[in-house]
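The structure under discussion appears below in the form of structure tokens.
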Amino acid sequence: MSLKITILGSSSATPTAHLFPTAQWLEIGNKHFLIDCGEGTQMQIRKNKLSFARLDAIFISHAHGDHCFGLLGLLSSLDLMKRQKELYLFAPPQIIDLVEFFFYRQSDNPFTYIIHRTRISMGEKYLLHSADTARVYTFPLKHTIDCQGFVFEEVFPLRNVNTDKIREYNIPSCDIPKIKKGFDWTSDDGHIIPNKELTLPLPDALRYAYCTDTQYLSNLQDLVGKVDILYHEATYAKAETSIAPLTGHSTSIEAAQAALQVEAKYLLIGHLSVRYKDPTQLLNEAREIFPNAFFARQNTQFILDRKAVQLHIVDPKESIHV
């Protein structure tokens, strides 16, 4: 399995003629997650040829419009598409309240599909969502309003068996499924063989941390642990270090310092202020501290296959391998 991030939008504040506000499509553990849903997200999903039908869950970080104004329209469109698959929505309480006020006043089931709505406990760190092949943790960021970050982690539901050990203990094929699920095996004479002896070691789970609107957090590693890819907002350039915390945001170099904290392999920076027409300055500043930094350019895909990040730029059409 791999980890694939499609940047649907990475601008801050208001949309422009060419830039969309924050939204990302994440594929991890065969799950498809939408992270934030700024205005125009539907258009970007179509442009990037992503499947509305495969969407499993939506995660909203906070109740600022550039991260959630596309949500109501998306939910309506899924209904018009006659979606049947259940959808999970994790959002701050006021966002869930808005969804329920807008759609659920007249009916308990206004859509062709069921939305499992969960109000995030803002300001807390905990396991938010657990599926068969992926887990999602949430943790508090430091912004002008309550804001949460997310850690996405793949899960291995089945282990690969050690065929030599299976033959050695003459284990019947009917017992293999339980062993793959992590159970120990008990022989006819009552001898217990530990699962770790019967299976091969699991690979390290791929982990992606999403840190949108926030000041620099000196305790980020305590909140997220070690990750493969870190997305961290970089609203301001290095010269604006004194302004950033006043607005609840970070600078390019603070994003790089955050990547060092969590021992990330790669850093994606985004949410740049619209004052910067070209991200090169901020990217270069980040790379002075963390060389494997990249700009989360709109319509760009980042794919991690445990060996390297393969960067696909959808428009113009070219691929960069790093």
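Our numbering puts the sequence shown at residues 5 to 326. Idealized CB from N, CA, C, for every residue including glycine. All figures in this text were calculated on a predicted structure; none of them were measured in a lab.
Closer than 6 Å by C-beta to residue i: which residues in its own chain qualify, once you throw out the five before and the five after it? Chain order, please.
i           : result
residue 228 : 155, 213, 266
residue 122 : 94
residue 268 : 231, 234
residue 119 : 91, 93
residue 4   : Missing from the structure shown is residue 4; the chain here goes from 5 to 326 and no further.
residue 271 : 234, 263, 294, 297
residue 115 : 83
residue 86  : 116
residue 133 : 140
residue 335 : Within the shown structure, residues of the chain are numbered from 5 to 326, placing residue 335 beyond reach of any answer.
residue 178 : none
Going by the CB atoms, is the gap between residue j and residue i shorter than 8 Å?
i           : j           : result
residue 243 : residue 280 : no
residue 37  : residue 63  : yes
residue 252 : residue 218 : yes
residue 11  : residue 66  : no
residue 199 : residue 187 : yes
residue 141 : residue 131 : yes
residue 35  : residue 167 : no
residue 98  : residue 124 : no
Tell me which same chain residues have a C-beta within less than 7 Å of the C-beta of residue i, skipping the five on either side of it?
i           : result
residue 42  : 13, 24, 25, 26, 27, 70, 71, 73, 74
residue 224 : 262, 265, 266
residue 308 : 6, 7, 210, 232, 233
residue 169 : 201, 202
residue 249 : 219
residue 135 : 35
residue 247 : 240
residue 255 : 238, 240, 241, 242, 244, 245, 248
In terms of residue numbering, what span does the alpha helix (DSSP H) encompassing residue i cover?
i           : result
residue 260 : 256 to 265
residue 171 : 167 to 172
residue 284 : 284 to 293
residue 184 : 180 to 184
residue 274 : Careful: residue 274 lies outside any alpha helix (DSSP H), inside the beta strand (DSSP E) at 270 to 274.
residue 35  : Note, residue 35: premise wrong, no alpha helix (DSSP H); beta strand (DSSP E) at 35 to 39.
residue 106 : 97 to 107
residue 224 : 224 to 228
residue 8   : Premise fails: residue 8 lies in the beta strand (DSSP E), 7 to 13, not in any alpha helix (DSSP H).
residue 76  : 75 to 84
Once you ignore the five residues that flank residue i on each side, which residues in its own chain have a CB closer than 8 Å to its CB?
i           : result
residue 165 : 180, 183, 184, 202, 203, 204
residue 106 : 76
residue 207 : 160, 310
residue 48  : 12, 13, 24, 27, 302, 303
Whole angstroms are fine: how far does the CA of residue j sit from the CA of residue i?
i           : j           : result
residue 160 : residue 209 : 8 Å
residue 291 : residue 260 : 7 Å
residue 52  : residue 145 : 29 Å
residue 113 : residue 104 : 11 Å
residue 286 : residue 245 : 12 Å
residue 306 : residue 61  : 20 Å
residue 17  : residue 277 : 8 Å
residue 289 : residue 238 : 11 Å
residue 46  : residue 195 : 57 Å
residue 326 : residue 299 : Confidence is the limiting factor: at residue 326 the pLDDT is only 45, short of 50, which leaves the residue's position unreliable, though a coordinate-based value still follows. If I take the Cα positions, the gap works out to 14 Å.
residue 96  : residue 176 : 50 Å
residue 147 : residue 20  : 23 Å
residue 68  : residue 59  : 23 Å
residue 216 : residue 110 : 35 Å
What first and last residue would you give for the beta strand (DSSP E) that runs through residue i?
i           : result
residue 27  : 27 to 32
residue 305 : 304 to 308
residue 175 : Taken as a continuous stretch (DSSP letters only), residue 175 belongs to no beta strand (DSSP E), as it is neither H nor E.
residue 45  : Residue 45 -> not in any beta strand (DSSP E); alpha helix (DSSP H) instead, spanning 45 to 51.
residue 234 : 233 to 237
residue 299 : 297 to 299
residue 3   : In this structure the chain extends from 5 to 326, so residue 3 is not present and cannot be described.
residue 61  : 61 to 63
Inset, instruction - Counting only runs of 3+ residues fully inside the stretch 110 to 161, write out the beta strand (DSSP E) ranges in chain order. - result: 119 to 123, 130 to 134, 138 to 144, 152 to 158
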